[in-house]
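Those protein sequences? They're chains B and D, same order as listed. In this text, residue positions in the first sequence follow the numbering used here: the first is 8, and each later residue adds one. In this text, residue positions in the second sequence follow the numbering used here: the first is 960, and each later residue adds one.
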Amino acid sequence: SAVISQKPSRDICQRGTSLTIQCQVDSQVTMMFWYRQQPGQSLTLIATANQGSEATYESGFVIDKFPISRPNLTFSTLTVSNMSPEDSSIYLCSARGRPGSQETQYFGPGTRLLVL
Amino acid sequence: AQTVTQSQPEMSVQEAETVTLSCTYDTSESDYYLFWYKQPPSRQMILVIRQEAYKQQNATENRFSVNFQKAAKSFSLKISDSQLGDAAMYFCAYRSEGADKLIFGTGTRLQVFP
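Structure below.
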C-alpha cells in the first residue's frame, strides 16, 4: 500500500491570497489526483497531475485557479489561487500505481482550508 | 456517463449488530471495478473492500462483505458484528476498466450505538 502525506493539514487564509498544498507519496506512483470535498459532501475530482506535463483538469476547474505541479513520481502540489470563501473545503491528494490498472487508489489525510 | 447512487444519507446500527449500506450504479461497460471507502471523522479515506466486475464471487474482508448483483447494478456493503470504530462516512465508488477516474457516490453516514 502507499502512504500519502499532505502539508499543511489545515490553514486559515485571507480572501485574495493563494495557498500551495503539498502531497508526498512514499513510493513511486504513476497516477496522482487532486480532489475537493466540501463539508458533508462527496469527493469531486479537480485534476489528474501528470508527471512532466500539464495536469488534466475536470470540467469546472481551470489551471489559472488551481495550478498543479508534479515534478517527479512521488510529489505533487496544488495551489488554490486568489481564494474566496467559496474555496473553503477539504483538498485531498490521491495516488495509484499504473494507468488503467486495478490497483487500489489511496488517499492522503486531506488539507482543511478555511477562507475568510 | 457512469453514475453512482447511495440512497441512504444516514444509517445507524447497534454495536454487534449487522447493517447493510446500499449502492447502485449506472454504466454501459462490462468490465469495471467497484469499491467501498470509509472516511472516519479524522477524514483519512481508507479502502474497505474491492470487487472486480468479472468475478461472480462476492468479495469479503473480515467483517465486511458485499452483495454484488451485476445485472441489477447493485453493490451493497454488509458490516457484521458492528463496532464503535465502524462509525464513519462510507463512499461507494466505480472505475471502468482501463480508466483513471474514480466516480464516487454521495456517501452514507453510519452511526454505531453502544
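Beta carbons: idealized from backbone N, C-alpha and C, even for Gly. As the structure is a computational prediction, the values presented were derived from the model and not from experiment.
Check                                                                                                                    : Outcome
Three or more C-beta pairs below 8 Å linking the region 112-123 of chain B and the region 1039-1046 of chain D           : no
Proximal residues of chain D, C-beta to C-beta of PHE68/B below 9 Å                                                      : The contacting residues do not exist; PHE68/B stays about 13 Å from chain D at best.
Proximity winner among PRO46/B, ASN89/B, THR63/B and ASP33/B, relative to LEU22/B (alpha-carbon distances)               : It is worth fixing the name first, because residue 22/B is Arg in this sequence and not Leu. Among PRO46/B, ASN89/B, THR63/B and ASP33/B, the Cα nearest to that of ARG22/B belongs to ASN89/B.
Rounded distance between the beta-carbons of SER34/B and THR81/B, thought under 8 Å                                      : 7 Å
Beta-carbon separation (whole angstroms), MET39/B vs SER83/B, contact threshold 8 Å                                      : 5 Å
Cβ-Cβ distance between LEU1036/D and TYR1049/D below 8 Å                                                                 : yes
Buried or exposed (CB count within 10 angstroms, at least 16 for buried), ILE70/B                                        : exposed
Proximal chain B residues relative to PHE1063/D, where beta-carbon distance stays under 7 Å                              : SER49 and LEU50
Contact with chain D by GLY117/B, beta-carbon distance below 8 Å                                                         : yes
LEU980/D (DSSP reduced to helix, strand or coil)                                                                         : strand
Closest Cα partner of CYS982/D within the set PRO968/D, ASP990/D and PRO1000/D                                           : PRO968/D
Reduced DSSP secondary structure (H/G/I, E/B, other) of ASP1045/D                                                        : helix
Beta-carbon proximity of CYS1051/D to VAL978/D, cut-off 8 Å                                                              : no
CA nearest to the CA of GLY59/B, picked from ILE97/B, GLY47/B, GLU93/B and SER76/B                                       : SER76/B
7 Å CB neighbourhood of ALA9/B in its chain, flanking five on each side removed                                          : VAL32, ASP33, SER34, VAL36, ALA102 and TYR113
Residues of its chain near SER91/B, where Cβ-Cβ distance is below 7 Å and the 5 sequence neighbours each way are ignored : ARG22 and VAL122
CB contact below 8 Å: THR81/B versus chain D                                                                             : no
Any C-beta of chain D under 8 Å from that of SER31/B                                                                     : Looking at the sequence provided, one finds Gln at residue 31/B rather than Ser. Not closer than 8 Å to any Cβ of chain D, the Cβ of GLN31/B fails to qualify, so no.
ASP94/B (DSSP reduced to helix, strand or coil)                                                                          : helix
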